[in-house]
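Chains as they are written, first to last, in this note's numbering: chain A, 16 to 164; chain B, 3 to 423.
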């Protein structure tokens with residue numbers, strides 16, 4: 016069960032059961048739909064940008080524990096951040112999820128999101144974890160849809 | 003609820019003439035350990051495991067018999083050609099085709115349906131003609147028809163089903179008309195196990211002189227198939243779901259259609275004469291077998307069929323029905339579990355969802371216990387949409403599965419519920 020409990024850490028199970036920012040945003044400035052054709056998971060990410068700051072971010076959709084927890088953790092991490100900081104974090108986290116290396120100490124400051132790193136040992140599940148981040152980036156780039164093909 | 007009570011509550015009689023433990027020893031992979039667990043292989047609708055006789059036959063072919071077919075004048079080529087053509091006769095007998103020339107070897111079910119769609123469609127479909135399929139189809143029996151309809155202007159009609167997963171035959175009868183050019187229907191749903199009444203559906207289509215293609219990918223490994231009795235016009239299946247190698251599949255087509263249909267692919271082996279101005283084609287079946295085929299695969303497929311038939315298809319059916327009934331009752335005891343597909347006539351598939359737990363999480367958890375199931379849309383997205391889910395977990399049974407394996411599945415589903423609660 017070791018790898019399994021590393022994948023489904025308490026933080027992940029908690030965000031799966033009680034996803035944060037699981038709602039729409041009426042006055043969203045950016046939004047996108049993300050789709051994982053492998054499993055049929057679909058999420059939408061919405062955010063409200065004010066100047067350079069991401070004032071609000073939310074998600075909705077169908078998905079497994081990993082994709083839901085990843086999206087939920089993403090919203091808690093990114094909310095209130097500057098656009099530049101959010102983009103940097105997104106790229107660091109996508110790197111962490113797909114890297115063969117253990118996350119290094121510098122990742123610790125990212126907080127709870129590090130719990131997602133267990134997914135690296137489950138290659139078929141990595142796309143579940145990256146879906147929310149790809150969708151977030153698609154929203155920022157003005158793309159309406161993205162897929163993790 | 004413990005698995006002990008599950009066992010006690012099931013009253014089906016074990017099939018005494020069928021020695022599953024002995025059969026399991028014929029499949030080397032079933033001894034495999036996944037981490038600390040024995041492999042419990044419940045993904046047989048995706049592909050089946052291979053008996054040792056097949057693995058040995060493939061080794062023997064490459065070690066002692068390998069040569070290209072239909073061209074060499076030397077000893078090995080003649081031997082390989084002979085074995086390849088004997089396989090064609092073997093397979094014609096297996097499904098009771100009238101003539102071995104009606105058997106075309108291809109890569110699999112998917113390629114066989116694409117061949118019929120492209121070749122038959124280009125010859126016979128015109129604008130506003132209609133092709134009938136059903137909501138139960140695998141993408142392999144949807145997309146090839148969409149592609150040819152797009153090309154020819156023909157239209158796709160889809161037979162609906164009820165909530166149990168049973169096709170609406172009244173709707174089907176109403177769809178048939180003098181515009182219908184083809185009916186293409188799965189024999190058994192790969193996603194939810196419904197067995198379609200194909201004989202009756204073929205009769206109805208023939209009243210309009212409409213040919214029928216049966217996708218037999220899921221039925222061939224479970225029941226006896228008699229294409230002459232069914233009177234289907236095309237029947238397609240894959241070797242790898244029938245304990246044979248991957249990369250080989252079969253198209254059966256009635257001679258009268260195959261003769262009318264143009265080649266699907268051009269190349270070596272399928273021609274009589276080639277000049278830069280004009281090519282003439284060989285007769286069936288060669289017309290449809292361009293290039294070097296999967297020679298070892300074809301020979302291996304007949305070895306797999308010999309093995310399969312030696313176990314007795316009726317005994318296999320009885321064993322699998324017992325497992326399906328046992329598994330259905332066991333899973334129904336798990337609270338929050340819903341079995342998708344409850345057709346009265348149902349084959350070896352247990353597709354299910356668990357409240358608040360995504361099928362992918364079920365799949366990963368079961369894998370950590372050595373249990374292989376499929377999680378996803380089963381290449382049947384329109385069917386998933388009709389069922390109102392994005393995915394299911396699917397345990398699909400075969401002749402080497404046991405009640406003990408189903409007990410392991412059930413026990414672990416209870417653990418999963420606790421884990422994610």
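For every residue, glycine included, the Cβ atom is placed at its ideal position computed from N, Cα and C.
- In the displayed model, residue 49 (chain B) falls within coil according to three-state DSSP, outside both helix and strand.
- In this structure, residue 58 (chain A) lies away from residue 96 (chain A), with their beta-carbon atoms at least 8 Å apart.
- Going by DSSP, residue 86 (chain B) is part of the alpha helix (DSSP H) stretching over 77-96.
- Not a single C-beta of chain A is nearer than 8 Å to the C-beta of residue 353 (chain B).
- Three or more beta-carbon pairs separated by less than 8 Å are not found between the stretch 46-55 of chain A and the stretch 89-105 of chain A, which leaves the two stretches without contact.
- Residue 80 (chain A) and residue 161 (chain A) have their C-alpha atoms some 20 Å from each other.
- At a cut-off of 8 Å between beta carbons, residue 208 (chain B) makes no contact with chain A.
- C-alpha of residue 63 (chain A) to C-alpha of residue 159 (chain A): approximately 15 Å in a straight line.
- When DSSP states are grouped into helix, strand and coil, residue 182 (chain B) belongs to the strand group.
- By DSSP's assignment, residue 217 (chain B) forms a beta bridge with B:188, B:238.
- 379, 383, 386, 391, 392: these are the residues of the stretch 379-392 of chain B whose beta carbon lies less than 9 Å from some beta carbon of chain A, given in chain order.
- At least one CB of chain A lies nearer than 8 Å to the CB of residue 362 (chain B).
- For residue 105 (chain B), the uninterrupted beta strand (DSSP E) run begins and ends at 105-108, by DSSP.
- With a threshold of 8 Å between beta carbons, residue 66 (chain A) makes no contact with chain B.
- Under the Cβ distance rule, residue 394 (chain B) does not count among the residues neighbouring chain A, no pair being separated by less than 8 Å.
- Proximity to residue 102 (chain B) across B:54, B:421, B:368, B:257 peaks at B:257, based on C-alpha coordinates.
- Secondary structure remark: continuous alpha helix (DSSP H) runs of at least 4 residues inside the stretch 240-301 of chain B, in chain order: 257-262.
- Counting along the chain, no alpha helix (DSSP H) covers residue 72 (chain B), and no H or E run does either.
- The beta carbon of residue 41 (chain B) lies closer than 6 Å to those of 34, 372 in the same chain, with the five residues before and after it left out.
- Taking a beta-carbon distance threshold of 8 Å, residue 131 (chain A) does not count as an interface residue toward chain B.
- If you ignore the 5 residues before and after residue 141 (chain B), its C-beta comes within less than 8 Å of the C-beta of 381, 382, 383, all in its own chain and listed in chain order.
- Look at residue 357 (chain B): its C-beta is not under 8 Å from any C-beta on chain A.
- Going by beta carbons, residue 119 (chain B) and residue 150 (chain B) fall inside the 8 Å limit.
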